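Here this note's numbering runs 14 ahead of the position in the sequence shown, where the first position is 1. Every residue, glycine too, gets a C-beta built ideally from N, C-alpha and C. Keep in mind the model is a prediction, meaning the values are calculated, not measured.
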Amino acid sequence: MPGPALDPVETDAQPPRRVDVAIIGAGVIGLSTAFALVRRGSSVVVLEKGCLAGEQSSRNWGWCRVSRRDPREIPLALEAARLWDGMNEAVAGETGYRRSGILFGCETDVAVRDAEEWLGYAAPYQLSSTMIGPDRAAALLPGATKRLAGALYTPTDGRAEPQKFAPALAAAIRRRGGAIVEGCAVRGLDVSAGRVTGVITERGRIAADAVVLAGGAWSRLFARGQRLVLPQLKVLNTVLRTDPVAGGPDGAGWIGDFSFRKRLDGGYTISNGMNNVVPIVPDSFRFGLKFLRAFLLEWRALKLRVDGRFLEEARDWRVTGPDEVSVFERIRVLDPAPVPASAEAAMRAACAFFPWLRGTRVAQTWGGLIDATPDALPVISPAESLPGFVIATGFSGHGFGISPAAGELCADLVTGARPLVDPSPFRFSRFSDGTPLCPMTGV
Numbered sequence: 015m016p017g018p019a020l021d022p023v024e025t026d027a028q029p030p031r032r033v034d035v036a037i038i039g040a041g042v043i044g045l046s047t048a049f050a051l052v053r054r055g056s057s058v059v060v061l062e063k064g065c066l067a068g069e070q071s072s073r074n075w076g077w078c079r080v081s082r083r084d085p086r087e088i089p090l091a092l093e094a095a096r097l098w099d100g101m102n103e104a105v106a107g108e109t110g111y112r113r114s115g116i117l118f119g120c121e122t123d124v125a126v127r128d129a130e131e132w133l134g135y136a137a138p139y140q141l142s143s144t145m146i147g148p149d150r151a152a153a154l155l156p157g158a159t160k161r162l163a164g165a166l167y168t169p170t171d172g173r174a175e176p177q178k179f180a181p182a183l184a185a186a187i188r189r190r191g192g193a194i195v196e197g198c199a200v201r202g203l204d205v206s207a208g209r210v211t212g213v214i215t216e217r218g219r220i221a222a223d224a225v226v227l228a229g230g231a232w233s234r235l236f237a238r239g240q241r242l243v244l245p246q247l248k249v250l251n252t253v254l255r256t257d258p259v260a261g262g263p264d265g266a267g268w269i270g271d272f273s274f275r276k277r278l279d280g281g282y283t284i285s286n287g288m289n290n291v292v293p294i295v296p297d298s299f300r301f302g303l304k305f306l307r308a309f310l311l312e313w314r315a316l317k318l319r320v321d322g323r324f325l326e327e328a329r330d331w332r333v334t335g336p337d338e339v340s341v342f343e344r345i346r347v348l349d350p351a352p353v354p355a356s357a358e359a360a361m362r363a364a365c366a367f368f369p370w371l372r373g374t375r376v377a378q379t380w381g382g383l384i385d386a387t388p389d390a391l392p393v394i395s396p397a398e399s400l401p402g403f404v405i406a407t408g409f410s411g412h413g414f415g416i417s418p419a420a421g422e423l424c425a426d427l428v429t430g431a432r433p434l435v436d437p438s439p440f441r442f443s444r445f446s447d448g449t450p451l452c453p454m455t456g457v
């Protein structure tokens, strides 16, 4: 089943032969990086093996939040919130962004204490996040049948439309002279005298002073081809959207067994963040020890599954040479089947809590594969062993909301500018320098 349809946008038929920066992957991270670079005057090409934002970049929840972030991610999220506020004007298009608030409902006193603990971690950043009582929560959740013990509410958090944001970014990049080429897989890096000097694609070589890997769930395999060990696994989340419906809250929220987000078309995006499938693949054994602490921390939200993906990756996900047809060409888009039971359970829970949803038609259900790291933090970092190569991946389900700032930080690292925020929490070397790898408080 295909993911949600994106707004139409033109791309380029042929790649240029030389650019300042070549970017692998036309998801929101690659596009945000390209947008930051073209605004600084760099020549850029974004190379996409499949279609623009065809995977998780168009399949996510559409949340733009600072709340419940890992504390190490908060500075980047704050910069992203600042950029989101002016995003429609910056790209001269409709991204669907609205500063409408996000609420994390607490059904028990234990959940209230957990939210208060996160507020303690976040206190140095002076966020707008606050704990609210049952009455205020009820006012923000019109028609709710259940009274909450409280909620963590962040009025400055927002929502945007994944199916609009990527096309709006792409159009803005092209207006500034950047190129975006779909159906053009990158097979490997071109390296001379120990430094990256371009990329080798299925359509030939492109010279570049720097290359950015923003390949989402594919980044692990590409890095492996460059002899870089990037610990990354995939997590399947199922999402649905409804037809337009009146009477609901304007923002987004997470309450027990379901999450919701008001859509620009008047419907809702609904999912269950506590019902994620982790396909067991060969990399599950290669990286099992690195992911063990994360699994033990989040085991209630993760369900291990053996399915056809194990054999597919064992057979097809192999490193190939620059003259060979690669898996990037054989599988253009990862389009996993959704888990019907997960979607049905989320919709039942939402309808039980919000009676105004009952009878609303489910317009579409889809699955998406999240690129996860052992500590649930992204990699935004140069690869020290390959000068000229920068990695931006592993956003662990948090990428859409922080993508504007992640793109700026990646552009800083490419150009040598002063970093937007301290990049050390996102360094690639943390996977090999003995740093403990574990998620901190967050969602």
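Subject >> Nonlocal neighbours in the same chain, by C-beta distance under 7 angstroms from Ala136, ignoring five residues either side >> reply: Pro85, Ile88 and Ser143, listed in sequence order.
**OP:** Please classify Leu318: is it buried, with 16 or more other beta-carbons within 10 angstroms of its beta-carbon, or exposed?
**Re:** Exposed.
Original post:
Apart from the five residues on each side of it in sequence, which residues of its chain come closer than 7 angstroms, Cβ to Cβ, to Lys160?
Top reply: In the same chain as Lys160, and ignoring 5 residues on each side of it, the C-beta atoms closer than 7 angstroms to its own belong to Phe367, in chain order.
Original post:
When the Cα atoms are used, what is the spatial distance from Val457 to Asp337?
Top reply: A caution first: Val457 carries a pLDDT of 46, below 50, which makes its placement in the model unreliable, though a value can still be read off. Going by the C-alpha atoms only, they are around 43 angstroms apart.
Original post:
Which one or two residues does DSSP pair with Leu247 in a beta bridge?
Top reply: As DSSP reads the structure, Leu247 sits in a beta bridge with Ala386.
Original post:
Any idea which residues DSSP pairs Val210 with across the strands?
Top reply: For Val210, which the question treats as bridged, DSSP gives the partners Val205.
Subject >> Sequence-distant residues of the same chain with beta carbon closer than 8 angstroms to Glu398, five excluded per side >> reply: Contacts found: Phe442 and Ser443.
Original post:
Start and end of the alpha helix (DSSP H) containing Trp98?
Top reply: Counting along the chain, the alpha helix (DSSP H) containing Trp98 begins and ends at Ile88 to Asp99.
Original post:
Tell me which same chain residues have a C-beta within less than 6 angstroms of the C-beta of Thr449, skipping the five on either side of it?
Top reply: Take Thr449, set aside five residues on each side of it, and no residue of its chain has a beta-carbon closer than 6 angstroms to its own.
Original post:
Which of the three DSSP states, helix, strand or coil, is assigned to Thr429?
Top reply: Of the three classes helix, strand and coil, the one that applies to Thr429 here is helix, per DSSP.
Subject >> alpha helix (DSSP H) runs wholly inside the region 212-276, at least 4 long, in chain order >> reply: Whole alpha helix (DSSP H) segments, 4+ residues: 233-239.
Original post:
Which residue from Asp223, Asp171 and Val249 puts its Cα closest to that of Asp349?
Top reply: Residue Val249 is the option with its Cα nearest to Asp349.
Original post:
Among Asp330, Ala357 and Thr256, which has the Cα closest to the Cα of Asn289?
Top reply: Closest by alpha carbon: Ala357.
Original post:
Could you give the C-beta distance for Leu90 and Ile416, rounded to a whole number, given that I count them as a contact under 8 angstroms?
Top reply: About 5 angstroms separates the beta carbons of Leu90 and Ile416, which is inside the 8 angstroms limit, making them a contact pair.
**OP:** Report the three-state DSSP secondary structure of Leu155 (helix, strand or coil).
**Re:** Taken through DSSP and simplified to helix, strand or coil, Leu155 comes out as coil.
Original post:
Can you tell me whether DSSP reads Val195 as helix, strand or coil?
Top reply: Three-state result, Val195: strand.
Original post:
In whole angstroms, what separates the C-alpha of Gly287 from that of Gly411?
Top reply: For Gly287 and Gly411, the distance between alpha carbons rounds to 10 angstroms.
Original post:
So, using beta-carbon positions, are Ile458 and Ala40 closer together than 8 angstroms?
Top reply: Limits of the chain in this structure are 15 at one end and 457 at the other, which puts residue 458 out of reach.
**OP:** Just tell me which of Leu400, Leu162, Val205 and Glu108 has its CA closest to the CA of Asp123.
**Re:** The shortest C-alpha separation from Asp123 is found at Leu162.
Subject >> Segment limits, alpha helix (DSSP H) that includes Ala328 >> reply: Its alpha helix (DSSP H) spans residues Gly322 to Asp330.
Original post:
Excluding five sequence neighbours on each side, which residues of the same chain lie with their C-beta closer than 8 angstroms to the C-beta of Ala420?
Top reply: Within the same chain, Ala420 has close Cβ partners Ile43, Ser46, Thr47, Leu90, Ala94, Pro392, Ile394, Ala406, Phe409 and Gly413.
Subject >> Coil, strand or helix - Ala19 by DSSP >> reply: Residue state, collapsed to three classes: coil.
**OP:** Establish whether the CB of Asp257 and some CB of chain B are separated by less than 8 angstroms.
**Re:** No chain B appears in the structure shown, which is made up of a single protein chain.
Original post:
For Glu62, does the count of other Cβ atoms within 10 angstroms reach 16, so buried, or fall short, so exposed?
Top reply: By the neighbour-count rule (16 or more Cβ atoms within 10 Å), Glu62 is buried.
Original post:
Within 10 angstroms of its Cβ, does Pro439 collect 16 or more other Cβ (buried), or is it exposed?
Top reply: With 16 or more other Cβ atoms within 10 Å, it is buried.
**OP:** Compute the distance between the beta-carbons of Ser71 and Pro176, then report whether it is under 8 angstroms.
**Re:** It is a contact, given that the beta carbons lie within the stated cut-off.
**OP:** Starting from Met361, follow the alpha helix (DSSP H) in both directions and report where the run begins and ends.
**Re:** In the DSSP assignment, Met361 falls within the alpha helix (DSSP H) that extends over Pro354 to Phe367.
Original post:
What is the residue span of the alpha helix (DSSP H) that Asp128 lies within?
Top reply: Residue range Asp123 to Ala136 is occupied by the alpha helix (DSSP H) that includes Asp128.
**OP:** Find the nearest neighbour of Phe274 within the set Val291, Thr252, Val292 and Val295, judged by alpha-carbon distance.
**Re:** Nearest neighbour of Phe274 by Cα position, chosen from Val291, Thr252, Val292 and Val295, turns out to be Thr252.
Subject >> Endpoints, the beta strand (DSSP E) within which Gly119 is located >> reply: Residues Ile116 to Cys120.
Subject >> beta strand (DSSP E) segment containing Val6, residue limits >> reply: Residue coverage of the chain in this structure runs from 15 to 457, which leaves residue 6 outside it and unanswerable.
**OP:** Could you tell me whether the Cβ atoms of Trp201 and Thr109 are closer together than 8 angstroms?
**Re:** Looking at the sequence shown, residue 201 is not Trp but Arg. The answer is no: Cβ separation not under 8 angstroms.
**OP:** Determine, using beta-carbon pairs with one atom in the region 314-332 and one in the region 206-220, whether at least three such pairs fall under 8 angstroms.
**Re:** Counting C-beta pairs closer than 8 angstroms gives fewer than three between the region 314-332 and the region 206-220, which falls short of the contact rule.
**OP:** Please name the residue or residues paired with Phe403 in a DSSP beta bridge.
**Re:** Answer by DSSP bridge pairing, in chain order: Val225.
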